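Shown next, in structure tokens, is the structure this report addresses.
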Amino acid sequence: MAKFHLRKAEPKDVPDILRLIKELAKYEEMEDQVILTEKDLLEDGFGDHPFYHCVVAEVPAEHQKVEGYSVIGFAMYYFTYDPWIGKLLYLEDFYVMKEYRGFGIGSEILKTLSDTAVKNRCSSMHFLVAQSNKASIDFYKRRGASDLSLEEGWRLFRIDKEGLLKMSAEE
Amino acid sequence: MFLLRKAEPKDVSDILRLIKELAKFEEMEEQVVLTEKELLEDGFGDHPFYHCVVAEVPKESQSIEGYTVIGFAMYYFTYDPWIGKLLYLEDFYVMKEFRGYGIGSEILRTLSETAVKTRCSGMHFIVAEWNTTSIEFYKRRGASDLSREEGWRLYEIDKINLLKMSSK
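Keeping their order, the protein sequence lines are chains A and B. If you're matching positions, the first sequence starts at 1 in full-length UniProt numbering and goes up one per residue. If you're matching positions, the second sequence starts at 1 in full-length UniProt numbering and goes up one per residue.
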């Protein structure tokens with residue numbers, strides 16, 4: 001049984017956060033798409049106006065299974081706004097290293113986030129899941145999650161940088 | 001003739017009115033439980049949880065009921081762990097009698113400028129799959145359907161279940 005504790009991320013955690021973001025992206029076969037740097041993460045998360053928040057899971061030095069790493073899981077979240085009900089907690093990334101799964105670390109992270117959401121008077125937690133990701137879908141459904149895309153027909157759209165520049169240059 | 005500007009605290013009652021009008025269009029008006037007080041605290045306090053752009057017409061052009069604020073867009077900043085900051089468009093609405101004059105296009109152009117100026121990598125938003133008019137409006141401006149291309153589905157854990165989890 002791995003001993004672990006959860007805490008708010010600090011500036012010193014930025015290299016570990018980037019490492020875990022890349023590991024999760026690798027699992028989704030998208031590792032080369034991570035162009036974010038430690039500098040970006042530091043400015044964006046620990047400046048005057050944080051654009052994201054992180055919770056990290058840490059194990060004591062003696063429990064390290066993988067050479068040199070004690071930060072072995074994380075969740076990245078931020079607050080969004082629903083014009084009908086107000087504040088929401090949006091779960092952006094959520095990952096525990098393979099060697100540390102099965103010990104309830106993921107559940108504990110989600111519980112901590114639920115606490116945070118309730119304390120901040122958020123009406124609910126939102127997040128995206130790829131429809132191919134059955135394991136995650138089951139994990140969330142066991143905790144009462146509902147598929148709003150299925151129930152309400154919502155589809156996520158994007159206008160990328162090129163499209164934005166094109167529009168903003170139009171007269 | 002119209003002008004676009006950043007919303008101010010005084011606009012809160014117009015913003016709520018337009019939110020309710022848009023919800024009515026989606027046949028969900030009774031679902032709007034947000035109050036003017038909350039909109040004020042959440043948008044104009046120390047830490048704004050949303051930003052608004054409003055479209056205003058001169059008094060001579062006001063709506064049938066006497067309104068001069070006749071359109072709005074609500075947005076905030078989100079974060080993509082692969083590329084960083086994004087601008088997220090949450091609500092976007094122009095009153096029916098003021099459509100067809102390019103107000104919507106101008107609002108979207110303003111938001112694009114804001115996104116570029118604040119170093120966002122893109123703009124995200126959700127659209128209901130049955131809303132073909134809006135889908136076409138966005139596709140004409142280069143929007144791609146990430147739900148279709150990448151299979152993303154939006155999930156929710158509501159308050160009841162959050163409380164359940166946090167009390168375990």
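Every residue gets a Cβ at the ideal spot worked out from N, C-alpha and C, and that includes glycine. Keep in mind it's a predicted model, so treat the numbers as computed, not measured.
Counting along the chain, where does the alpha helix (DSSP H) carrying residue i start and finish?
{"i": "residue 199 (chain B)", "result": "It is not possible to answer for residue 199 (chain B), since the shown part of chain B is limited to 1 through 168."}
{"i": "F46 (chain A)", "result": "38 to 46"}
{"i": "F44 (chain B)", "result": "36 to 44"}
{"i": "D14 (chain B)", "result": "12 to 25"}
{"i": "G122 (chain B)", "result": "Where G122 (chain B) is concerned, there is no enclosing alpha helix (DSSP H), although the beta strand (DSSP E) it sits in stretches over 122 to 128."}
{"i": "A7 (chain B)", "result": "Taken as a continuous stretch (DSSP letters only), A7 (chain B) belongs to no alpha helix (DSSP H), as it is neither H nor E."}
{"i": "E162 (chain A)", "result": "161 to 169"}
For chain A, find out if any of its Cβ atoms is closer than 7 Å to the Cβ of residue i; answer yes or no.
{"i": "G122 (chain B)", "result": "yes"}
{"i": "S13 (chain B)", "result": "no"}
{"i": "I103 (chain B)", "result": "no"}
{"i": "K85 (chain B)", "result": "yes"}
{"i": "I70 (chain B)", "result": "no"}
{"i": "I107 (chain B)", "result": "no"}
{"i": "M74 (chain B)", "result": "yes"}
{"i": "S61 (chain B)", "result": "no"}
{"i": "S134 (chain B)", "result": "no"}
{"i": "V116 (chain B)", "result": "yes"}
{"i": "Y93 (chain B)", "result": "no"}
{"i": "E113 (chain B)", "result": "yes"}
{"i": "E27 (chain B)", "result": "no"}
{"i": "E8 (chain B)", "result": "no"}
{"i": "E97 (chain B)", "result": "no"}
Determine the chain B residues that contact residue i at a beta-carbon separation under 9 Å, and present them in chain order.
{"i": "M76 (chain A)", "result": "Y79, P81"}
{"i": "residue 214 (chain A)", "result": "The requested residue 214 (chain A) does not occur in the structure, where chain A is confined to residues 1 to 171."}
{"i": "E92 (chain A)", "result": "T78, Y79, D80, P81"}
{"i": "D44 (chain A)", "result": "Y79, G84, K85"}
Examine chain B for any beta-carbon lying closer than 7 Å to the beta-carbon of residue i, and answer yes or no.
{"i": "P83 (chain A)", "result": "yes"}
{"i": "I35 (chain A)", "result": "yes"}
{"i": "G104 (chain A)", "result": "no"}
{"i": "G73 (chain A)", "result": "no"}
{"i": "F127 (chain A)", "result": "yes"}
{"i": "G163 (chain A)", "result": "yes"}
{"i": "M167 (chain A)", "result": "yes"}
{"i": "A57 (chain A)", "result": "no"}
{"i": "K111 (chain A)", "result": "yes"}
{"i": "A117 (chain A)", "result": "yes"}
{"i": "S136 (chain A)", "result": "no"}
{"i": "D40 (chain A)", "result": "yes"}
{"i": "Y140 (chain A)", "result": "yes"}
Leaving out five residues before and five after residue i in sequence, what residues of the same chain have Cβ atoms less than 6 Å from its Cβ?
{"i": "R143 (chain A)", "result": "none"}
{"i": "W154 (chain A)", "result": "L148"}
{"i": "D42 (chain B)", "result": "F49"}
{"i": "T78 (chain B)", "result": "L86, Y88"}
{"i": "C120 (chain B)", "result": "K85, L86, L87"}
{"i": "L108 (chain B)", "result": "none"}
List, in order along the chain, the chain A residues whose C-beta lies closer than 9 Å to that of residue i?
{"i": "residue 192 (chain B)", "result": "Because residue 192 (chain B) is not part of the residues shown, which for chain B are 1 to 168, the question remains open."}
{"i": "F125 (chain B)", "result": "L156, F157, R158, I159"}
{"i": "G45 (chain B)", "result": "What G45 (chain B) touches in chain A: nothing, since even the nearest Cβ is about 12 Å away."}
{"i": "Q31 (chain B)", "result": "W84, I85"}
{"i": "L4 (chain B)", "result": "Residues of chain A passing the Cβ test: none, with the nearest at roughly 13 Å."}
For residue i, collect the residues of the same chain with a Cβ closer than 8 Å to its Cβ; drop the 5 residues on either side in sequence, then sort them by chain order.
{"i": "Y90 (chain A)", "result": "Y77, Y78, F79, T80, M125, H126, F127"}
{"i": "R121 (chain A)", "result": "G86, K87"}
{"i": "L162 (chain B)", "result": "none"}
{"i": "L40 (chain B)", "result": "P9, V12"}
Hey, quick one: how far does the beta strand (DSSP E) through residue i stretch, first residue to last?
{"i": "K87 (chain A)", "result": "86 to 96"}
{"i": "D80 (chain B)", "result": "69 to 80"}
{"i": "K8 (chain A)", "result": "5 to 8"}
{"i": "G68 (chain A)", "result": "No beta strand (DSSP E) contains G68 (chain A), which DSSP labels as neither H nor E."}
{"i": "A143 (chain B)", "result": "Where A143 (chain B) is concerned, there is no enclosing beta strand (DSSP E), given that its DSSP letter is neither H nor E."}
{"i": "R99 (chain B)", "result": "Where R99 (chain B) is concerned, there is no enclosing beta strand (DSSP E), given that its DSSP letter is neither H nor E."}
{"i": "D16 (chain A)", "result": "Not the beta strand (DSSP E): D16 (chain A) falls in the alpha helix (DSSP H), residues 14 to 27."}
{"i": "R153 (chain B)", "result": "152 to 158"}
{"i": "V59 (chain A)", "result": "No beta strand (DSSP E) contains V59 (chain A), which DSSP labels as neither H nor E."}
What residues of chain A sit near residue i, judged by a beta carbon separation below 7 Å?
{"i": "K164 (chain B)", "result": "G144"}
{"i": "Y67 (chain B)", "result": "None at all; the shortest Cβ gap to chain A is about 18 Å."}
{"i": "S147 (chain B)", "result": "S149, R155, L156"}
{"i": "F49 (chain B)", "result": "F79, Y81, K87"}
{"i": "K159 (chain B)", "result": "S123, S124"}
{"i": "E90 (chain B)", "result": "Y81, P83"}
How would you list, in chain order, the residues of chain A whose beta-carbon sits under 8 Å from the beta-carbon of residue i?
{"i": "I19 (chain B)", "result": "P83, W84"}
{"i": "D42 (chain B)", "result": "Y81, G86, K87"}
{"i": "G142 (chain B)", "result": "I159, D160, E162, G163, K166, M167"}
{"i": "E38 (chain B)", "result": "G86"}
{"i": "A55 (chain B)", "result": "Residues of chain A passing the Cβ test: none, with the nearest at roughly 16 Å."}
Using C-beta distances below 7 Å, list every residue in its chain close to residue i, excluding the 5 sequence neighbours before and after it, in chain order.
{"i": "G86 (chain A)", "result": "S123"}
{"i": "I135 (chain B)", "result": "V127"}
{"i": "S136 (chain A)", "result": "V129"}
{"i": "P15 (chain A)", "result": "E38"}
If the cut is a Cβ gap below 7 Å, which residues of chain B does residue i touch?
{"i": "F51 (chain A)", "result": "F77, Y79, K85"}
{"i": "S114 (chain A)", "result": "L162, M165, S166"}
What residues of chain B sit near residue i, judged by a beta carbon separation below 8 Å?
{"i": "A9 (chain A)", "result": "Here the premise fails: no neighbours, minimum Cβ distance about 13 Å."}
Length-filtered (3 minimum) beta strand (DSSP E) runs lying within the segment 78 to 153 of chain A: Secondary structure in the segment 78 to 153 of chain A: the beta strand (DSSP E) runs of 3 residues or longer, each lying completely within the stretch, are 86 to 96, 124 to 130 in chain order.
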